[in-house]
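Enquirer:
Protein chains: 2
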Amino acid sequence: MKTAAIIGGGVIGGGWAARFLLNGWDVRVFDPDPEAERKIGEVLSNARRSLPGLGNVALPAEGALTFHATIAEAVEGAAWVQESVPERLDLKQKVYAELQQHCAEDALIGSSTSGFKPSELQEGRGNASRIVVAHPFNPVYLLPLIELVGTHVNPVDVIARAKEIISGIGMYPLHVRKEIDAHIADRFLEAVWREALWLVKDGIASTEEIDNAIRYGFGIRWAQMGLFETYRVAGGEAGMKHFMAQFGPCLTAPWTKLMDVPEFTDELVDLIADQSDEQSGMHSIRELERIRDDNLVGMMRAMSANDWGAGALQNVQDKAREGEAGLLSHIDQIGDLSKPVLTLNRTVPLDWTDYNGHMTESRYLDAFAQSTDRLMLLIGCDAEYIASGGSYFTAETHIRHIDEVHAGHSIQVRTQVILGAGKKMHLWHEMYEGDRLLATGEHMLLHVDLATRRSAPPAEHVEAALVKLATAHAALPAPDGLGRAIGAPR
Amino acid sequence: MKTAAIIGGGVIGGGWAARFLLNGWDVRVFDPDPEAERKIGEVLSNARRSLPGLGNVALPAEGALTFHATIAEAVEGAAWVQESVPERLDLKQKVYAELQQHCAEDALIGSSTSGFKPSELQEGRGNASRIVVAHPFNPVYLLPLIELVGTHVNPVDVIARAKEIISGIGMYPLHVRKEIDAHIADRFLEAVWREALWLVKDGIASTEEIDNAIRYGFGIRWAQMGLFETYRVAGGEAGMKHFMAQFGPCLTAPWTKLMDVPEFTDELVDLIADQSDEQSGMHSIRELERIRDDNLVGMMRAMSANDWGAGALQNVQDKAREGEAGLLSHIDQIGDLSKPVLTLNRTVPLDWTDYNGHMTESRYLDAFAQSTDRLMLLIGCDAEYIASGGSYFTAETHIRHIDEVHAGHSIQVRTQVILGAGKKMHLWHEMYEGDRLLATGEHMLLHVDLATRRSAPPAEHVEAALVKLATAHAALPAPDGLGRAIGAPR
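Line by line, the protein sequences give chains V and L. So the first sequence is numbered by my numbering: it starts at 1 and just counts up by one. So the second sequence is numbered by my numbering: it starts at 1 and just counts up by one.
1. Measuring CA to CA, which of L482(V), E147(V) and K117(V) is closest to D181(V)?
2. Grab me the residues of A475(V)'s own chain with a C-beta within less than 8 Å of its C-beta, minus the 5 sequence neighbours each way, in chain order.
3. Taking A205(L) as the reference, give the member of E404(V), H447(V) and V149(V) with the closest Cα.
4. May I ask you to list, following chain order, the residues of the region 402-425 of chain L that have a beta carbon less than 7 Å from some beta carbon of chain V?
5. Which of the three DSSP states, helix, strand or coil, is assigned to L494(L)?
6. Name the chain V residues whose beta carbon is nearer than 9 Å to that of Q317(L)?
7. Quick check: the Cα distance between H443(V) and D366(V), rounded to an integer number of angstroms?
8. Do Y392(V) and L342(V) have their CB atoms nearer than 9 Å?
9. With DSSP as the reference, label W25(L) as helix, strand or coil.
10. State the DSSP-derived secondary structure class of S112(L), mapped to helix, strand or coil.
11. Per DSSP, T397(V) is paired with what?
12. Here's the rule I'm using: 16 or more other beta-carbon atoms within 10 Å means buried, otherwise exposed. How should S280(L) be labelled?
13. My guess is that A532(V) and L54(V) are in contact by the Cβ rule of under 8 Å, so how many angstroms apart are they, rounded?
14. Just the Cα atoms here: how many angstroms apart are Q275(V) and W80(L)?
15. Can you tell me the Cα-Cα spacing of I132(L) and H68(L), whole angstroms?
16. P144(L) versus chain V: which residues are under 7 Å apart at the beta carbon?
17. I'd like the list of long-range same chain contacts for P491(L), defined as Cβ closer than 7 Å, with 5 residues on each side in sequence excluded.
18. Indicate whether the contact test is met: 3 or more Cβ pairs, each with one atom in the region 413-431 of chain V and one in the region 363-377 of chain V, closer than 8 Å.
19. Going by DSSP, what residue range makes up the beta strand (DSSP E) through F67(V)?
20. Which parts of the region 322-382 of chain L are runs of the alpha helix (DSSP H), unbroken and 4 residues or longer, counting only runs that do not cross its ends?
21. Given a cut-off of 9 Å, decide if F137(V) and G309(L) are closer than it, judged by their beta-carbon atoms.
22. Taking K423(V) and A456(V) to be in contact with their CB atoms under 8 Å, please state how far apart those CB atoms are, rounded to whole angstroms.
23. Nearest-angstrom Cα distance between G10(V) and H473(V)?
24. Do I214(L) and L227(V) have their CB atoms nearer than 9 Å?
25. Is Q224(L) close to chain V? Criterion is C-beta to C-beta, closer than 9 Å.
26. Using a Cβ-Cβ distance cut-off of 9 Å, determine whether D294(L) contacts chain V.
27. For D449(L), list the residues DSSP reports as bridge partners.
28. Can you list, in chain order, the stretches of the beta strand (DSSP E) that have 3 or more residues and sit fully within the region 113-159 of chain V?
29. E460(L): buried (16+ other C-beta within 10 angstroms of its C-beta) or exposed?
30. Have a look at K319(L) and A64(L) and give me their C-alpha separation to the nearest angstrom.
31. Is E83(V) helix, strand or coil by DSSP?
32. Any beta carbon from chain L within less than 9 Å of Q279(V)'s own beta carbon?
33. Whole angstroms is fine: what's the gap from G124(L)'s alpha carbon to K39(L)'s?
34. State the Cα-Cα distance for the pair M171(V) and L143(V), rounded to the nearest angstrom.
35. For L271(V) versus V200(V), is the C-beta spacing smaller than 9 Å?
36. Give a yes or no on whether 9 Å exceeds the smallest Cβ distance from G239(L) to chain V.
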């Protein structure tokens, strides 16, 4: 049974709750804050809006969310306990003492701490081997990074199991080799924060100018390649060693300056808070969260298309979820060939909507094209086949929009082969949300030789599979709307 | 006359050359390196592949690129001279002395330096008031950020003119308020670089793990909101002051540690170079550049759709370029109403292609939808009208793919109104690359009331404009393929 306990709600605990819930886990929450349910509800509502459509395959059904009055009750049956209480070591250790009295002996305990090392958390605990740092990044429901930090008291199988659970909820466990203050990423955040405070304090730039210096320049670079790979590219064909020889020593001069820490005075706090109000005060935090999530989803989906970075991680997740979503890879796996085939099962992502507040027209064709790709895969026209020089090109498309659909809604496409013979493949896609018909797509495709770019017969095994499916579908009634022209009477 | 002189080629000078050229400037290059022409050619080829399709409006015709044997010849007629020679102050000052003897008195001189302050560059120059720092970021042809740094000797009009030229080539001039070592962004890069060297040296993480810690977490956040706005969101409704009170002091503890600089030994260089080879050695630098550019274009275009960050900058550029690209905003601006209207003039962007190596089918509908949006705009169905509650929804679409097109190619759509009366709008789009017909799109749209989501008559001024256009187009012959159904004989 997949059950997680969330000890401490708030933005981080709520983000963990959303990750587990939307990946099919039951989630049991303990948080003494009377506002905890509302706060977690707000995070969940952001997560439900953005995460399910991030990938191209439907997530499992949501788990059950329950709130509990005691730690003892919350950890019941939990395989993973995530602690996100305030950053006070005495408080954390008190929480571990209590929860370890009640949780399963083999339950794993992850701490969201950024300030403590795992050895500090484990100190004095009887069952210390089950405690690790699992440090997430806000928004936890979208960003995949988890810094997983253990000590020598954590056996190999505990780390392996922790990685498995973190991967299973769509995240990336970065196993930090040795514990260190602030783990990895926060050390960078801190270094940049320190420089930024100096720049504002000394009147070199405002908070907005600093944000622009980041997001119009290296921020976009880092989003996809990080630091070292970016510099490798900058170094050119001569390689990383050349880059370091050229730029490494130059960097030492400024290193000797401004290494001290700006004093954290009220004046500095006011200066920064005022500039931040001027920069972003026209948006509420809720608005900023949604703007941020729209951007993160759009950028991660752009990287998915390139199978790179955070997008490549998402593609691995999608692939792993296909079976559960009912999406097959070969017609031999189809039980009943006589019915239209499920070729798409996904959630409408945030970047598929337009100014009219619904899924925009070109994304209907995007969805139908994904269905066509699935049908091609089913008949053996897969990546390997395409690399060998054969593929199908769409010659003609006719889409009828029957009803609207919105971001976050679940859509399915079922596909009927109207004709499959020789070079021709004539498909009929129907898009549904549950029983509600949203659109139909009629498509004529031709098999082509990718070298000559002209139509040519498919390989025998591809044609045989297509004919098999077309023959089985021939007994189906002709779909309503087949062969219609625009403006023709119904 | 728009002429720029590029003094010093290489990756940075080449990037500047590409920015100017692709925005219609003539570019004159001086670089004594016998390989300069090849090196700039390689950067240009990357730039031509990625930049023209970044926005949704065609760029002007490319300027002329010439190479010159002397600085004197290269700066002839240049309004902007960009210096990107090696980072040696004596060399830079020698270059300025020579070029200021030959360039126009009012020519602006921008330096790509990251290591020198403008006061250092200006020192001892007779015409120092024309010299500024204009520090770009690699790849210069895609990243919009320019740190523009001057001193008290630069008059206000010099800075204003520099901003105008930088904006005119699609970049963002960030005017740094006071000069400081390493300007703004490089201070952050340096701080992170220093921390990263420690982490690798101490065996906490490999170069690949560090890159993953960045690109699966805060790197994606920073790409769209930078540092301060990200923290403002993290602070929640309580605001930036609350965030600083909560997290500011916590950060001071690690600040006291590891503030010294790791020694730049051969061992450290080897360690990092070896790890980098393991991480990225399977890709050549050229491959990595193209992967990077694909990602940057995809992410920036995702942000354009949200009108945010670097994407919002791009949208401003697009808007400014519409007129030159022949795209109008109201039918009253159309000279000859009797011909099909130009509704799209753009370059196929990198993210519009698929595994078959050509523009993917859903992007044809994306392009046609942009054409429909343009036609709506022309008849007065603009953002303001839509906000008031009326819009057109597409009911039916029929696309015929006539020929292939590839990323980087220029496409135009011309639109004929087949029927425009009452709630109905029947459009015929033809997509061309030059004279080559690529596809036709036939679309039936209905005017809707956005409150009821049901069809309803448009406002009088919208209907009148549509009828005017439909009446003028009624004399055109019926397009070949109009009203065709899929599979119907021609």
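Where is the CB? At the ideal position from N, CA and C, for every residue including glycine. Quantities reported herein were computed from a predicted structural model and do not represent experimental measurements.
Expert: Answer, in terms of the structure:
1. When only C-alpha atoms are compared, the closest one is K117(V).
2. S338
3. V149(V)
4. E404
5. Any answer about residue 494(L) is impossible in this case: the structure gives chain L only from 1 up to 490.
6. Contact annotation for Q317(L) against chain V: no contact, minimum CB-CB distance about 13 Å [criterion: below 9 Å].
7. 13 Å
8. no
9. Per DSSP, reduced to three states, the secondary structure at W25(L) is coil, with no helix or strand assignment.
10. Coil at S112(L), not helix or strand.
11. H443(V) and I399(L)
12. Buried is the call here.
13. This structure does not reach residue 532(V), given that chain V is present from 1 up to 490, and the question cannot be answered.
14. 34 Å
15. Checking the sequence shown, residue 132(L) turns out to be Val, not Ile. Each residue's Cα considered, the two are about 24 Å apart.
16. Y216
17. Beyond the ends of chain L as shown, which are 1 and 490, falls residue 491(L); an answer cannot be given.
18. Two segments are said to touch when three or more pairs of C-beta atoms, one from each, lie closer than 8 Å; by this definition the region 413-431 of chain V touches the region 363-377 of chain V.
19. L65 to H68
20. 361-378
21. no
22. With a contact defined as Cβ atoms closer than 8 Å, K423(V) and A456(V) qualify at about 7 Å.
23. 53 Å
24. yes
25. yes
26. yes
27. Paired residue(s): G390(L) and R454(L).
28. Entirely contained in the region 113-159 of chain V, the beta strand (DSSP E) runs reaching 3 residues are, in chain order, 131-135 and 145-149.
29. exposed
30. 25 Å
31. Under the three-state reduction of DSSP output, E83(V) falls in the strand class.
32. yes
33. 33 Å
34. 8 Å
35. yes
36. yes
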